[in-house]
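Trainee: Just so we're aligned: the sequence shown equals residues 3 to 335 in the working numbering.
All C-beta atoms, glycine included, are put in the ideal place defined by N, C-alpha and C.
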Amino acid sequence: MKACLLRAPAPVEKNPLEFADTPKPVPKNGEVLVHVNFCGVCRTDLHVVEGELPPRKSPVIPGHQAVGVVEALGPDTHRFSVGARIGIPWLHSADQTCEYCRAGMENLCDHPTFTGYTVDGGYSEYAVAPEAFVYSIPENFSDEQSAPLLCAGIIGFRSLRLSGIKPGGRLAFYGFGAAAHVAIQVARHWGVEVYAATRGSKHQKLALQLGAAWAGEASAEPPAKLDAAIIFAPAGELVPAALKSLKKGGVLVLGGIHMSPIPSFDYNLLYQERVIRSVANNTRQDGEDFLRIAAEIPIHSQVNMFPLKEANRALNDLKSDLINGAAVLDCRQ
Ligand SMILES: [Zn+2]
Ligand SMILES: [Zn+2]
3 MKACLLRAPA PVEKNPLEFA DTPKPVPKNG EVLVHVNFCG VCRTDLHVVE
53 GELPPRKSPV IPGHQAVGVV EALGPDTHRF SVGARIGIPW LHSADQTCEY
103 CRAGMENLCD HPTFTGYTVD GGYSEYAVAP EAFVYSIPEN FSDEQSAPLL
153 CAGIIGFRSL RLSGIKPGGR LAFYGFGAAA HVAIQVARHW GVEVYAATRG
203 SKHQKLALQL GAAWAGEASA EPPAKLDAAI IFAPAGELVP AALKSLKKGG
253 VLVLGGIHMS PIPSFDYNLL YQERVIRSVA NNTRQDGEDF LRIAAEIPIH
303 SQVNMFPLKE ANRALNDLKS DLINGAAVLD CRQ
């Protein structure tokens, strides 16, 4: 099969992904083999490819928003029939035995595997995944529309949940990429007033089109005090700015897996019971809940399509802020 292999992390400007022939994976116990049609491109892929996340497998096939069709079942695999349309997300597996899994926090599992990082992912014609950790794709989404929902959508949704935002509340997004452009649709559906602080007029325009009450530069102060804010940009310097925009008791959620160092700031920015918290992965319940709501709304993703063999270009465009909405690879050969 054709796949994009990362042999060693390097800046994406050096085009480190090699489009190559590699053996088709064989599904093991409890696993499905998926013929991948599309795979979303996530900022985490950029962190894997550039080595901001330490390498865990080499070579590795990145990608953790793969949508396709079940082509074969491993032994003892019963959840799906051949031909079922499914999505493979970031959390490839959790041990289901550690203290976190037993407490319903499998997103914090002590022994997780991650798609496209510790195991091969979806920048590929085929991928395998445990049947217990993949999602059925709601019928009203096309394959390419559903790909960005699998991480950008689900992590954005978990970030919204952790922000504690209520209907009628005021919420800001710092950074307006794939996750925010989906999360704003959920927030608006809940009757939340959304503010978008993001660099570039293109992203600001998209935010306004999707119903933001205000859009400005990432460093600009929103014109109202906020109940909550979510930083999706991997930029630690936004933390003091976002704290400054919060009401007393407001919640700041850090939505990324990696962030540049957070500068020191005056305690007054945090005092009055403001809260900062990170988001790590998601539970399967988050994913199921989000996909149900996404189908109800329904969410529309703005998709920027690239052929699989041009995955390096997709990552370069993501790094250079040229993607408005979500990048998706067409993995059909
Ligand atoms: Zn666990
Ligand atoms: Zn992701």
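Grab me the residues of residue 48's own chain with a C-beta within less than 7 Å of its C-beta, minus the 5 sequence neighbours each way, in chain order.
Mentor: 14, 317, 320 and 321
Trainee: Just the Cα atoms here: how many angstroms apart are residue 107 and residue 199?
Mentor: 31 Å
Trainee: Among 218, 261, 285 and 253, which one has its Cα closest to the Cα of residue 271?
Mentor: Ranking 218, 261, 285 and 253 by Cα distance to residue 271 puts 253 first.
Trainee: Applying the criterion that 16 or more other CB atoms from any shown protein chain within 10 Å of the CB defines a buried residue, is residue 269 buried or exposed?
Mentor: exposed
Trainee: Measuring CB to CB, does residue 228 end up less than 8 Å from residue 197?
Mentor: yes
Trainee: What does the shell around ligand 1 hold, if a residue joins when its beta-carbon is under 5 Å from any heavy atom?
Mentor: 96, 97, 100, 103 and 111
Trainee: Quick check on this structure: which residue in 50, 119 and 129 has the alpha carbon closest to the alpha carbon of residue 89?
Mentor: The candidate whose alpha carbon is nearest that of residue 89 is 129.
Trainee: Where does the unbroken alpha helix (DSSP H) through residue 308 begin, and where does it stop?
Mentor: First-last for residue 308: 305–309, but that is the beta strand (DSSP E), not the alpha helix (DSSP H).
Trainee: Would DSSP call residue 59 helix, strand or coil?
Mentor: coil
Trainee: Using only Cβ atoms and a threshold of 6 Å, which residues come within that distance of a heavy atom of ligand 2? Order them by chain position.
Mentor: 44, 46, 66, 92 and 153
Trainee: Is it right to say residue 46 is buried, meaning 16 or more other beta carbons lie within 10 angstroms of its own, or is it exposed?
Mentor: Looking at its Cβ environment, which holds 16 or more other Cβ atoms inside 10 Å, residue 46 is buried.
Trainee: Alpha carbon to alpha carbon, what distance is there between residue 327 and residue 291?
Mentor: 22 Å
Trainee: What residues are listed by DSSP as bridge partners for residue 149?
Mentor: Bridge partners of residue 149: none, in fact.
Trainee: What residue does the beta strand (DSSP E) around residue 247 start on, and which one ends it?
Mentor: Here residue 247 belongs to no beta strand (DSSP E), and DSSP marks it neither H nor E.
Trainee: Compare the Cα-Cα distances from residue 164 to each of 279, 311 and 39 and report the closest residue.
Mentor: 279
Trainee: Under 8 Å, do residue 6 and residue 57 count as touching if we go by C-beta distance?
Mentor: no
Trainee: From what residue to what residue does the alpha helix (DSSP H) around residue 295 run?
Mentor: 286–298
Trainee: When you compare each of 116, 99 and 139 to residue 293 by their alpha carbons, which one comes out closest?
Mentor: 139
Trainee: For the region 192–253, list the beta strand (DSSP E) runs that are entirely contained and at least 3 residues long, ordered along the chain.
Mentor: Counting only runs of 3 or more residues that sit fully inside the region 192–253, the beta strand (DSSP E) segments are 195–199, 216–218 and 228–233, in chain order.
Trainee: Determine the direct distance from the alpha carbon of residue 315 to that of residue 135, and round the result to whole angstroms.
Mentor: 29 Å
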